[in-house]
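Asks:
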């Protein structure tokens, strides 16, 4: 494909759509791969896929292969789903929660997300879903953004306690955060300090991208 070839030289935008939730959704050929972006940041594939792959590798692919249910809060184009299914060869159930139906439409059209049989997609607000779900999960991946903004509820102690309560023994939370200023650094350190040390361990991973910091929480069995 000629667009893919030329994308090694310059990014080639092939799709752009306005969305009520995400404002702008763009699909671009970049360095030989399709990526999904909002107006100001990468939403799926590209740098985001590298970041979340790094977090999954830190948890351990062998551990992930033994899990039976993974929850993804914030699906976008589904790059982390592709990492789980294609690279790690995870075979069990994945539930993906995405608030923006336009995003899912684009993910299905350009990234074939609807062809992944073990993936159940739910159009819902992450906060509302976490309150309602009766399931427990081995891994909860939190990747919720509105362009470069992260909703405040993600960092509230109530939400932290709720997602921690949804973990099975020896389960993990992988939380992708964006750091744009010192206030965000303070916010992340406060978040870590509020994790219950009797039941959970929490750590920040060294950054591999300038503005993204991963937090991993593990429920001690």
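In this note's numbering, the protein residues as written are 324 to 544.
Note that CB positions come from ideal geometry on N, CA and C, so glycine has one too.
(1) Using the Cα positions of residue 414 and residue 517, report the straight-line distance between them to the nearest angstrom.
(2) So residue 500 packs on residue 511, CB below 8 Å; how close in whole Å?
(3) Going by beta-carbon coordinates alone, are residue 496 and residue 540 separated by less than 8 Å?
(4) Applying the criterion that 16 or more other CB atoms from any shown protein chain within 10 Å of the CB defines a buried residue, is residue 372 buried or exposed?
(5) Flag residue 508 as yes when its Cβ comes closer than 7 Å to any non-hydrogen atom of the ligand MN, and as no otherwise.
(6) Rounding to the nearest angstrom, what Cα-Cα distance links residue 366 and residue 411 in this structure?
(7) How would you call residue 535, buried or exposed, if buried means at least 16 neighbouring beta carbons within 10 angstroms?
(8) Among the residues of its own chain, which have a CB less than 8 Å from the CB of residue 374, if the five just before and after it don't count?
(9) Starting from residue 478, follow its DSSP beta bridges and name the residues at the other end.
(10) If I'm right that residue 473 touches residue 342 with Cβ under 8 Å, what's the distance once you round it to whole angstroms?
(11) For residue 503, does the three-state DSSP call read helix, strand or coil?
(12) Using the Cβ count rule (16 or more neighbours within 10 Å means buried), how would you classify residue 542?
(13) Would you mind reading off the limits of the beta strand (DSSP E) that contains residue 439?
(14) Quick check on the burial criterion: 16 or more other C-beta atoms within 10 angstroms. Buried or exposed for residue 465?
(15) At the level of alpha carbons, what is the spacing between residue 445 and residue 401?
(16) Do residue 420 and residue 379 have their beta-carbon atoms positioned less than 8 Å apart in this structure?
(17) Within the same chain, show all residues whose beta-carbon is closer than 6 Å to that of residue 429, passing over the 5 residues directly before and after it, in chain order.
(18) Hey, how far is the Cα of residue 388 from the Cα of residue 403?
Replies: On the basis of the supplied data:
(1) 33 Å
(2) 6 Å
(3) yes
(4) buried
(5) As for the ligand MN, it is missing from this structure, which has no ligand bound.
(6) Low confidence applies here, because residue 366 scores a pLDDT of 49, under 50, leaving its location unreliable; read the following figure in that light. Each residue's alpha carbon lies about 21 Å from the other.
(7) buried
(8) 499, 531, 532, 535, 537
(9) Per DSSP, none; premise fails for residue 478.
(10) No, residue 473 and residue 342 are not in contact; Cβ-Cβ is about 18 Å, not under 8 Å.
(11) coil
(12) buried
(13) Counting along the chain, residue 439 falls outside any beta strand (DSSP E), and DSSP gives it neither H nor E.
(14) buried
(15) 13 Å
(16) no
(17) 348
(18) 15 Å
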